[in-house]
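Only one structure is covered here, and it is reproduced in the block below.
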Amino acid sequence: MPANSPTSGDGDSCRLSVAVEAPLHSGLHGPLDYLSEQPLPPGTLVRVPLGRRDVPGVVWTDAPGEATGHALKAVAEVLDALPPLLPRWCDLVRFTATYYQRGLGEVAMAVLPPEIRKLDNAGLGSRIARLRKAYDKPLPPSEAPPRPDLTADQADALAKLADANAPGAAPVVLLHGLTGSGKTEVYLRAAEAALAAGRQVLVLVPEINLTPQLEARFAERFAAGTSPRRIVSLHSGLTPVQRLKNWLAAHLGLADLVLGTRLAVFAPLPRLGLIVVDEEHDPSFKQQEGARYSARDLAVYRGKLEGACVVLGSATPSLESWQRAEQGRYLRLTLANRVGGGVLPRVRIADMNLLPKVRGATTALSPALVAALAKRIERGEQSLVFLNRRGYAPVLHCTDCGWKSGCPHCSAWRVFHKLDRTLRCHHCGFTQPVPRACPDCGNLDIAPLGQGTERLEEQLAAALPGARMARIDADTTKLKGSLEASLTSVHAGEVDVLVGTQMITKGHDFRRITLVAAVNPDSALFSSDFRAPERLFSLLMQAAGRAGRDAAQADRSEMWVQTWHPTHPVYTALRQHDFHSFAASQLKEREIAGLPPYVHLALMRAEARTPEAARDFLQAAADLAGTLPGAADLLIYPPVPTTIARVAGVERMQMLVEGNARSQLQRVLSPWMAELPSLRGAHKGVLRWALDVDPLAI
């Protein structure tokens, strides 16, 4: 029987299958049945009664259930002003819900614009009519900007991409290009080809602050000329009205290009022909709340659904993508040289062990680095110094009794922010003024321990008198437009030394920067997280790529690393800019240790009022999993506290589940998640639990 075809109902009514957002842990993971006065195609938006309220839903592709004698509720309103969402979009949502073990309606509603929930059919129709009217006005033709000449690497990559992208092929391409090698130009030319074929283009970037920059590049290329194209963006920085407008433009086929962050992977595009995932290695593509999906992995899956080419671009690809390219599952294209023939920055290691062993040496700036910065200022060049910790210092401590500024609500330190004289927890937000004396012993000598970007900026200003300093981190970019203003001043040459966190180390095209310095990257070397070396190497390679992007200055560009472990393999590979050997060694280590991508993981997290309650729930969940078919193929580890065990007064525990194949894992996860609500009655201290499939951190 065709999906949602009329079946037995009341009178001439027909039964429909509708995906609605049911309460979490309600056990209602699939679509529900409703009555409708007429058949509705799958993908139609509706409003239906659920409990005592009307909720939005999507008519689903499943056939409704058989009549059971129970009276079904009728659809309250049909939002047919909006054309139905396509079956391919429904397939993507279904896969996401199934693979990441979330409710179908939960995922479907979460990826729609929030504003659409507030509109009735008339209001939605009015919005669509205004949008069509605005788009009916043709864009004025203008003179197209000159396109840059392609390098030999770019031309070769584009030729191979065109050969691979035969009709119906839908290849996945890993574009491995050095920083500054012109990956964006390859994206632009590939987009040109897709648009010329009448297709739409989706471009994903990891962070909001990179979206306007890339949007400007695409607008410069495509919004001008004799046949200008429509470009829209989708990210959380838009207002709800803007987001709905751009989403509608994509769904109605009015927009030619969509640029956005991870949620844009669900943008409905009826003519999708190319998906680009820029900086595909970036952990920001993994959602950390609700359905914990990977936008990169979903982009690959969507490419297969749509018959669209997928281009994954990075200077430091994720080891998962690299392994698939090594196996031949992805086509790897390489840009081995920088545009203009510039060389990569020379990497210099500042060995902190050679500094005098005095108090405060852990937060010192090496004299050699200070001298190198001064030399750049004398030459009128810019430098970038980054430290991945904001605030003035990670902790205040008492030199007499050893008191430290811990957070009373979290198992973490409160960070000292000197500018407003506060102690602030970066996990729960608890903030207090800095005490005049030690709360435990009354000692007046309480001092900052460690270093944050605020203190680093102060130290650099003292070491480089007269230097024009700027700092970019989460504290200085809270106000709207502040990030753009800071970046504009850097591009204009009004800053000598830029200080910041990792948000300034990737994606930005700073033409005047010739020196990049990492002040204290060692903390990632000995992390319990097996992905820490990969993340550190990627971060340092990306940071190094900010230097020498102007080919005329590339030969004198440098990357400085201050470290207590100068012989560590991560730094050895960095000095040679050798991603190949680094990836090979890391993959070998993971194969020996039985870690991804050679095994597949899921992480069950539980939050409770006490650690015992969280542990007992996870142990009961493990016992339950052990009774399910296929559990013998999995390894379920004992529950352990998370890295930050307590946040905002809530205790957190986690339990790792490991399988040799995704199919083994999924065979158990689905029935397991369906049974877990039955444990709630015996574990009332548990506040919430969540499953993370393919977790990024353990």
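If you're matching positions, the sequence shown starts at 414 in this note's numbering and goes up one per residue.
C-beta atoms are modelled at their ideal positions from N, C-alpha and C, and glycine is treated no differently.
All figures in this text were calculated on a predicted structure; none of them were measured in a lab.
Beta-carbon proximity check, residue i vs residue j, cutoff 7 Å
i: A1058; j: S824; result: yes
i: L911; j: A883; result: yes
i: W816; j: C851; result: yes
i: P730; j: H589; result: yes
i: R460; j: E490; result: yes
i: G865; j: R948; result: no
i: P477; j: R507; result: no
i: R675; j: Q613; result: no
i: A355; j: W1085; result: Residue 355 lies beyond the range of the chain shown here (414 to 1111); nothing can be said about it.
i: R709; j: V690; result: yes
i: Y805; j: K788; result: no
i: S555; j: A632; result: no
Between the CA atoms of residue j and residue i - distance to the nearest angstrom
i: D764; j: L938; result: 15 Å
i: P619; j: T914; result: 16 Å
i: V932; j: V974; result: 6 Å
i: G470; j: A1033; result: 34 Å
i: V671; j: Q955; result: 25 Å
i: A565; j: A738; result: 22 Å
i: S994; j: G920; result: 24 Å
i: I1005; j: E1071; result: 15 Å
i: A609; j: L746; result: 23 Å
i: D475; j: P496; result: 19 Å
i: D942; j: T985; result: 21 Å
i: L591; j: V1063; result: 43 Å
i: P846; j: R1101; result: 33 Å
i: D968; j: F698; result: 34 Å
i: P444; j: T890; result: 42 Å
Identified DSSP bridge partners for residue i
i: K699; result: S707
i: T844; result: R837
i: K817; result: H810
i: C427; result: S449
i: I790; result: None; I790 has no bridge partner.
i: I859; result: C811
i: Q740; result: DSSP lists no partner for Q740.
i: T914; result: Paired residues: none, contrary to the question.
i: G1072; result: H1013
i: V1063; result: V1060
Where the alpha helix (DSSP H) through residue i begins and ends
i: S796; result: Counting along the chain, S796 falls outside any alpha helix (DSSP H), though it belongs to the beta strand (DSSP E) covering 795-799.
i: C503; result: 500-512
i: W1102; result: No alpha helix (DSSP H) holds W1102; the beta strand (DSSP E) holding it covers 1099-1106.
i: W1085; result: 1075-1088
i: A1015; result: Where A1015 is concerned, there is no enclosing alpha helix (DSSP H), although the beta strand (DSSP E) it sits in stretches over 1013-1021.
i: I926; result: Careful: I926 lies outside any alpha helix (DSSP H), inside the beta strand (DSSP E) at 926-931.
i: I644; result: Counting along the chain, I644 falls outside any alpha helix (DSSP H), though it belongs to the beta strand (DSSP E) covering 644-647.
i: H993; result: 992-1006
i: Q626; result: 624-635
i: Q955; result: 945-957
Residue i burial status per 10 Å Cβ neighbour count (16 or more: buried)
i: C820; result: buried
i: N766; result: exposed
i: C838; result: buried
i: R751; result: buried
i: E907; result: exposed
i: C722; result: buried
i: V1099; result: buried
i: R742; result: exposed
i: G773; result: Unreliable placement is indicated for G773, whose pLDDT of 43 sits below 50; no coordinate value is reported for it.
i: K546; result: exposed
i: R656; result: buried
i: V524; result: buried
i: R868; result: buried
i: S649; result: exposed
i: L682; result: buried
i: T918; result: buried
i: M414; result: Bear in mind that the predicted position of M414 carries a pLDDT of just 36, short of 50, making it unreliable; the figure below should be weighed with that in mind. Exposed is the call here.
i: T775; result: Unreliable positioning characterises T775 in this predicted model, as indicated by a pLDDT of 48, which lies under 50. The coordinate reading is nonetheless provided below. Classification for T775: exposed.
beta-carbon residue i near the ligand FAD non-hydrogen atom, thresh 6 Å
i: D562; result: As presented, the structure is devoid of all ligands, the ligand FAD included, so that no description of it is given.
Extent of the continuous beta strand (DSSP E) to which residue i belongs
i: F829; result: 828-830
i: R1059; result: 1053-1060
i: Q975; result: 971-976
i: D549; result: Careful: D549 lies outside any beta strand (DSSP E), inside the alpha helix (DSSP H) at 534-549.
i: M882; result: 882-885
i: E870; result: That residue, E870, is in no beta strand (DSSP E); its alpha helix (DSSP H) goes 866-876.
i: H904; result: Where H904 is concerned, there is no enclosing beta strand (DSSP E), although the alpha helix (DSSP H) it sits in stretches over 895-904.
7 Å Cβ cutoff, residue i in contact with chain D
i: P625; result: Absence of chain D from the displayed structure is noted, only one protein chain being present.
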